[in-house]
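Just below is one structure, and these are the notes that go with it.
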Ligand SMILES: Cc1cc2nc3c(=O)[nH]c(=O)nc-3n(C[C@H](O)[C@H](O)[C@H](O)COP(=O)(O)O)c2cc1C
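In the numbering used here, the protein residues as written are 1199 to 1575.
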């Protein structure tokens, strides 16, 4: 299963795994793949602590760090100094309060609410260009973080040069071949062709259609990974046959034993089907594939205000989520989630998922080879 990206990065198999949970990241890398930590939920100090922990537990394996640098966002969020909540229109705040109160979800006790607000203040500007840069400064100090990835948009040239000088590879996600061409011209090392099936910020093109177009667009200058809907080794074989150097998965790890989701959240995932992963503006103001719930449905109502541009919609999410979690309300549970959730049916270890992916890949290759011999030779 080794491909050129394995040589460049120093991993054994080209299976990349995105997660916000450090245990998942470490287990993927230790099982031979490359775990990638989503950084945007952490304060700078928090990220430093997470990366130190990963360094201590990952051995000599590589891992990656991913940040969100949105092209379009509310400029005031970057220049203002007060809490971002002050920039949220009162009608939006009222909508969320009424929604949760109306559903009988109790407000947080005062001391908890104070702590939550304080934590939020430390991370709420992470998804602005300057906020993302501050997180990257932290990642730069960690040599085992061999891969830096931009979730949205092409990273600026200074960043690419600095990463290269430090011996790091730079990657970025894309949902259209035009984005991939921009990444190619910016001298990146890796592009992740993320189809609409995927969890998170997604476009409209499926992985099967997007991947070959992205491969054409990069003209052999970058490694291409396929992302979106991948939960089986047979799909990895298919993607590699199409010219990908590997795959990048996110949804698959949500239900693993190492994932830090609450038990009730994992249960929701286990009973969800592919069609429950829908695109919605309700998390960030941009189209995100997520698990349908009463939270996402509320924002589709006629009386709902228009979701806000990044990073302000996330302020509303981060106000609501601690209340929903504390109340254990599975009907309101909201998380980015891809159509691959239909294959996430029980709690398993990351290692067993990695082993199954590889065995299933080998079976697919054997099937292909025996068909080839039977019908072609
Ligand atoms: C809970 C969750 C949060 C995500 N957040 C981000 C993010 O912050 N940055 C990013 O580049 N991708 C994010 N993604 C998308 C993944 O990087 C990946 O592209 C996607 O999950 C692949 O498709 P799949 O979900 O079908 O495996 C997220 C995915 C999940 C499941």
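Glycine included, each C-beta is placed from N, C-alpha and C at the ideal position.
Pick out the complete beta strand (DSSP E) segments inside the stretch 1419-1443, 3 residues or longer, and give them in chain order. Those beta strand (DSSP E) runs which fall completely within the stretch 1419-1443 and span 3+ residues are 1421-1425.
Which value, in whole angstroms, describes the spacing of the CA atoms of residue 1512 and residue 1540? Approximately 26 Å between the Cα atoms of the pair.
Residue 1445 bridges to which residues according to DSSP? Looking at the DSSP assignment, residue 1445 forms a beta bridge with 1213, 1424.
From the DSSP secondary-structure annotation, give me the bridge partner or partners of residue 1478. In the DSSP assignment, residue 1478 forms a beta bridge with 1486.
Identify the continuous alpha helix (DSSP H) that holds residue 1573 and give its terminal residues. Looking at the DSSP string, the run of the alpha helix (DSSP H) that includes residue 1573 is 1548-1573.
Taking 8 Å as the cut-off, does the stretch 1246-1253 touch the stretch 1330-1341 (at least 3 CB pairs, one atom from each stretch)? Because the criterion of three Cβ pairs below 8 Å is met, the stretch 1330-1341 and the stretch 1246-1253 touch.
Ligand 1 and residue 1392: does any heavy atom of the ligand fall closer than 7 Å to the residue's C-beta? If you check the C-beta of residue 1392 against ligand 1, you find a heavy atom less than 7 Å away.
Excluding the five sequence neighbours on either side, which residues of its own chain have a C-beta within less than 6 Å of the C-beta of residue 1436, listed in chain order? None.
6 Å Cβ shell around residue 1428 - same chain, five flanking residues per side excluded: Apart from sequence neighbours up to five positions away, the residues of its chain that approach residue 1428 with a beta-carbon distance below 6 Å are 1445, 1447, ordered along the chain.
Please give me, in chain order, every unbroken run of the beta strand (DSSP E) with length at least 3 that falls completely inside the stretch 1250-1281. Entirely contained in the stretch 1250-1281, the beta strand (DSSP E) runs reaching 3 residues are, in chain order, 1261-1265.
DSSP on residue 1399, reduced to helix/strand/coil? The answer is strand: DSSP assigns residue 1399 an E or B state.
Starting from residue 1392 and walking both ways along the beta strand (DSSP E), at which residues does that stretch end? That run of the beta strand (DSSP E) goes 1388-1392.
Any non-hydrogen atom of ligand 1 within 7 Å of residue 1443 CB: In this structure, the C-beta of residue 1443 stays at least 7 Å away from each heavy atom of ligand 1.
By the 10 Å Cβ neighbour count, where 16 or more other Cβ atoms means buried, how is residue 1365 classified, buried or exposed? Residue 1365 is exposed by the Cβ-count criterion.
Below 8 Å between beta carbons: does that hold for residue 1479 and residue 1508? Judged by beta-carbon spacing, residue 1508 lies beyond the 8 Å limit of residue 1479, meaning their Cβ atoms are not closer than that value.
Helix, strand or coil at residue 1303 [DSSP, three-state]: Coil at residue 1303, not helix or strand.
Range covered by the beta strand (DSSP E) that runs through residue 1348: Per DSSP, residue 1348 belongs to the beta strand (DSSP E) from 1343-1348.
Which residue marks the beginning of the alpha helix (DSSP H) containing residue 1519, and which one marks its end? First-last of the alpha helix (DSSP H) with residue 1519: 1510-1525.
Per DSSP, residue 1364 forms a beta bridge with which residues? In DSSP, residue 1364 forms no bridge with anything.
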